[in-house]
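Visitor:
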Amino acid sequence: MRNYMVFDVGGTEVKYAVINNNGEFLKKGSFPSSPHDFEKFTSDLLEITSENRLEYQVAGLAFSTPGGVDSEKGTIGGASALPCIHGPNFKEIFGNATGLPVEIENDANCAALGEVWRGAGKENSDVLFVVIGTGIGGAVVKDRKIHKGVHLHGGEIGYMVLDTVMENGKVKFRTWSELAATASLVRHAARAKGIDSTGLNGKIIFEGAEAGDHIFQEVIDHFYLNLAKGIFNIQYVYDPEKIIIGGAISNREDLIDEIYKKMDLILDSVKNAKVRPVIEVCQFRNDANLLGALYNYLQRQGPNSERTIA
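Mind the numbering: the sequence shown is residues 409 to 718 in this note's numbering, read in order.
Pasting the structure below:
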């Protein structure tokens with residue numbers, strides 16, 4: 409049995425865990441992120457690694473981070489709430505500092521891999537993972553591995569164009585993130601109410617709808633319809649075995665039932681569409697990124713590691 413040091417790098421905190429190659433958590437913790445100070449970011453991670461390395465005989469380091477991760481090189485492109493992590497080579501810096509193998513992957517991809525390894529997709533080979541939050545992100549899993557695409561944009565499903573509107577005589581295209589992310593739910597509810605969105609959130613909107621607020625009910629109804637439209641499109645583009653939904657909204661017990669209600673309306677209208685997507689919520693919630701970061705490590709470290717996860 410081998411143990412690994414795994415880090416889930418976020419905008420406000422870095423979560424860490426020691427996990428063995430069976431996916432069992434031996435230790436968990438967190439510390440504040442250092443968005444603009446890479447030296448402190450590095451020293452914090454190395455300190456945690458040093459504290460646990462001997463006790464748990466750590467065999468390698470695995471990272472889940474935001475941004476456009478180049479897993480081969482070990483660098484992070486794009487932008488995120490942690491400007492300091494974009495540019496430095498994680499494999500070189502942390503590998504040289506510890507003498508351990510290092511692997512890194514994007515956080516949404518890690519969440520998907522965690523669910524494929526031990527969660528809702530553990531019996532599946534081809535999965536589409538959808539993360540619904542401030543925007544909509546995702547990951548494409550093919551043969552239990554991440555498909556990134558030639559421009560590292562595989563799974564950027566939030567960019568799908570689902571609607572058009574006319575504004576000042578010009579056509580404006582609206583993406584899935586604009587129509588079905590939780591942030592868009594808040595914006596649409598505020599607009600429908602004629603109020604400022606400050607102080608409004610999804611919890612207030614759903615509680616108001618349950619208390620009989622017809623405007624909130626209508627906004628939520630459109631929210632679920634737009635979610636179903638995007639999921640329908642995903643099913644017919646990729647045709648995965650399962651579509652797994654993550655993000656805070658996945659905690660709602662009625663989420664899948666409500667999406668299926670809208671999905672059935674679409675299927676009734678599109679007569680030639682016979683495939684009803686299999687939709688589930690993620691199982692590991694906040695731990696999915698950590699698990700997936702390790703699964704990515706084990707996959708990328710070759711046949712010897714792969715045997716431990718068969």
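Ideal placement from N, C-alpha and C gives every residue a C-beta, glycine not left out.
What's the gap between the Cα of Trp-525 and the Cα of Phe-439?
Guide: 26 angstroms
Visitor: May I have a chain-ordered list of the alpha helix (DSSP H) segments no shorter than 4 residues that lie completely inside the stretch 599 to 648?
Guide: With a minimum length of 4 residues, the continuous alpha helix (DSSP H) runs that stay inside the stretch 599 to 648 are 610 to 618, 622 to 646.
Visitor: Just reading off the alpha helix (DSSP H) that Lys-670 is part of, what are its end residues?
Guide: 663 to 677
Visitor: Can you give the Cα-Cα distance for Ile-493 and Ile-544, rounded to whole angstroms?
Guide: In a straight line, the C-alpha of Ile-493 is about 22 angstroms away from that of Ile-544.
Visitor: Could you please give the first and the last residue of the uninterrupted alpha helix (DSSP H) stretch that includes Gly-700?
Guide: Following the DSSP letters along the chain, one finds Gly-700 inside the alpha helix (DSSP H) bounded by residues 696 to 708.
Visitor: What is the rounded straight-line gap between the Cα of Gly-503 and the Cα of Pro-509?
Guide: 6 angstroms
Visitor: Just how far apart, CA to CA, sit Arg-582 and Glu-432?
Guide: 42 angstroms
Visitor: Under the rule that 16 or more other beta-carbon atoms within 10 Å means buried, what is Asn-659, buried or exposed?
Guide: exposed
Visitor: Just reading off the alpha helix (DSSP H) that Glu-447 is part of, what are its end residues?
Guide: 446 to 464
Visitor: Using the three-state DSSP reduction, which class does Arg-582 fall into: helix, strand or coil?
Guide: If DSSP states are grouped into helix, strand and coil, Arg-582 belongs with the strands.
Visitor: Count the other CB atoms within 10 Å of the CB of Asp-416; is the residue buried (16 or more) or exposed (fewer)?
Guide: buried
Visitor: With a threshold of 8 angstroms between beta-carbons, can Asp-647 be considered close to chain D, or not?
Guide: Absent from the structure is chain D; it holds one protein chain and no more.
Visitor: If you scan the stretch 468 to 523 from start to end, which runs of the alpha helix (DSSP H) of 4 or more residues do you find wholly inside it?
Guide: 498 to 506
Visitor: Starting from the Cα of Gly-562, find the closest Cα among Ala-617, Phe-692, Ala-520 and give me that residue.
Guide: Ala-520
Visitor: Please list, in chain order, all residues of the same chain as Ala-528 whose beta carbon is under 8 angstroms from its beta carbon, the five residues on each side excluded.
Guide: Lys-650, Ile-652, Glu-688, Val-689, Cys-690, Gln-691
Visitor: Going by other Cβ atoms of all chains shown within 10 Å of its Cβ, with 16 needed for buried, is Asp-647 buried or exposed?
Guide: exposed
Visitor: Taking 8 angstroms as the limit between beta carbons, can you name the residues of its chain near Leu-454, skipping five residues before and five after?
Guide: Phe-502, Ala-505, Thr-506
Visitor: Of the choices Tyr-668, Met-413, Lys-530, Ser-479, whose alpha-carbon is the least far from that of Leu-560?
Guide: Ser-479
Visitor: How many angstroms separate the CA atom of Leu-462 from the CA atom of Asp-452?
Guide: CA-to-CA, the gap between Leu-462 and Asp-452 works out to about 17 angstroms.
Visitor: Please state whether DSSP places Gly-546 in a helix, a strand or coil.
Guide: Three-state result, Gly-546: strand.
Visitor: Tell me whether Ser-677 is buried or exposed, calling it buried when 16 or more other Cβ atoms sit within 10 Å of its Cβ.
Guide: exposed
Visitor: Taking DSSP as the reference, what is the three-state secondary structure of Glu-714?
Guide: Since pLDDT at Glu-714 reaches only 41, below the 50 mark, its modelled position is unreliable, and the value read off the structure follows with that caveat. In this structure, Glu-714 counts as helix in the three-state DSSP scheme.
Visitor: State the Cα-Cα distance for the pair Arg-693 and Ile-540, rounded to the nearest angstrom.
Guide: 12 angstroms
Visitor: Can you give me the Cβ contacts of Arg-715 inside the same chain, cut-off strictly under 8 angstroms, excluding the 5 residues immediately before and after it?
Guide: A caution first: Arg-715 carries a pLDDT of 38, below 50, which makes its placement in the model unreliable, though a value can still be read off. Cβ neighbours of Arg-715 beyond the five flanking positions: none.
Visitor: Mind checking Leu-434: buried by the 16 CB within 10 Å criterion, or exposed?
Guide: exposed
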